[in-house]
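Everything in the sequence shown is counted per this note's numbering, starting at 912 for the first residue and increasing by one. We put the beta carbon where it would ideally sit given N, CA and C, even for glycine. Remarks on the structure that follows.
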Amino acid sequence: TYIIVYADWCGPCKAIAPIYEQLSAQLSRPNQISFTKVNVDTQKEIASKYAVTAMPTFMIFKQGEVVEKVQGADPRKLQNVVQKLAAEADPNSSSSGFGGSSSSSGWRVGELPRGYHDVTDQIDVKGLELLNADIEFGGVRGLFEDSKPSGLLKGKAAEKPAKDWVESDTDEQLMLFLPFQSTLKVHTLQITSLPPAAEDDDEVPMRPKTIRIYPNRPHILGFEEADDVPAAQSLTISPEDWDSTGTATLSLRFVKFQNVTSLVLFVVDGDGEGERVRLDRVRIIGETGEKRDQGKLEKVEHD
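In structure tokens:
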């Protein structure tokens, strides 16, 4: 358990708060790693018990005992200590996490926009929904894995690739619902699509061309319903937008995506004359805000 002791009147506490929230979002693990806040003015007994004399003070507990204490608003020192102990507690977190923005070994595409980071790990995977997907291919969660898409593998690894992508079924349209664990500011979408080369273009799935985006919907939209609901933004992806990894980096109108609790992505059509669209990966780039449904304000741990 990671605890920050703070005070509402403490300037350095306010300065370090976004870093603490970001570490909580990246490293929390249910029943394993949790992050909590303690307000010194309302919970004086805790501050007294652990001899807190300066604020902010960060304490790391293992099996009920303090194993590390960091005083002062030093972001680099805090990050180093927390990530080191989190790696010891969960050694697999850096390589097999679900879209983990703290991952150093996961597959990443190019440079992120200055000042923003990968917040894909804030997706509530239990609430994901996908309409018109062919069940012969991968499921919706595969779109957000941080592993390298099988479409980019070479040599023996590419001979029998896992079907870790999504293809549309009855036509080229897909409808994707992404609920988030935190309120986000969404700056950029990264869409990866890796259709194979083949002579018969009618049989090869297409890359998406038009994507409509609907923020803060309480549930997924039906295809007919989406035609009647104005989208916050409609993106048209041109052939030159796709890079060497089959990824298009799409900037959003940031002002329209400031307090986002969910996104609906509607793939309207594909870039070609085929009947199916393929998606391999989706990344969300932006900023993480407040945790949702967190109960008491002092609690920032994951459910």
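Taking the Cβ atoms as the reference, P1106 lies roughly 5 Å from P1116, within the contact range of under 8 Å.
Secondary structure in the segment 938-969: the alpha helix (DSSP H) runs of 4 residues or longer, each lying completely within the stretch, are 955-960 in chain order.
In the DSSP annotation of this structure, the continuous segment of the alpha helix (DSSP H) that includes A1137 starts and ends at 1134-1139. When only Cα atoms are considered, K988 and T1199 end up about 21 Å apart. Sixteen is the threshold: since fewer than 16 other Cβ atoms of the shown chains lie within 10 Å of the Cβ of E1135, the residue is exposed. Exclusion of the five residues before and after I915 leaves Y931, K948, P967, F969 as the residues of its chain whose Cβ lies within less than 6 Å of its Cβ.
Judged by DSSP secondary structure, T1121 falls within the beta strand (DSSP E) whose first and last residues are 1119-1126. For S1079, there is no enclosing beta strand (DSSP E), as DSSP marks it with neither H nor E. DSSP places G1200 in the uninterrupted beta strand (DSSP E) bounded by 1192-1202.
The beta carbon of L1041 is closer than 6 Å to those of V1051, L1087 in its chain, skipping five residues each way along the sequence. Boundaries cannot be given for H1130, as no beta strand (DSSP E) includes it and DSSP labels it neither H nor E.
Residue pairing by DSSP places P1090 opposite S1173 in a beta bridge.
C-alpha of S1145 to C-alpha of I1046: approximately 27 Å in a straight line. For Q1084, the three-state secondary structure derived from DSSP is coil.
Within the DSSP secondary-structure output, F1055 pairs in no beta bridge. Taking the CA atoms as reference points, D1057 sits about 8 Å from R1019. In the three-state reduction of the DSSP assignment, G1181 falls in the strand class, which pools E and B. DSSP, read as helix, strand or coil, puts V1166 in helix. With distances taken between CA atoms, V951 lies nearest to A965 out of A965, F1165, I1195, K1065. Residue state for Q974 is assigned as coil, using DSSP reduced to three classes. Taking the CA atoms as reference points, K1167 sits about 19 Å from V1178.
The shortest C-alpha to C-alpha distance from G1049 to any of D1032, R1192, R1123 is the one to R1192. In the three-state reduction of the DSSP assignment, I930 falls in the helix class. The C-beta of D1082 has fewer than 16 other C-beta atoms within 10 Å across all chains shown, which makes the residue exposed.
By the beta-carbon neighbour count (other beta carbons within 10 angstroms, threshold 16), A984 is buried. Going by beta carbons, Y1125 and L1161 fall outside the 9 Å limit. Bridge pairing for R1189: E1078 [DSSP]. In this structure E1022 is exposed. Its beta-carbon is surrounded by fewer than 16 other beta-carbon atoms within 10 angstroms. From the listed residues E976, Y961, S1104, the smallest Cα separation to T1156 is found for S1104. For K960, the number of other beta carbons within 10 angstroms of its own is below 16, and it is reported as exposed. Restricting attention to P929, L1039, S1061, the CA atom closest to the CA of W1076 is found in S1061. From the listed residues R1025, Q1101, V1097, Q974, the smallest Cα separation to F1055 is found for Q1101.
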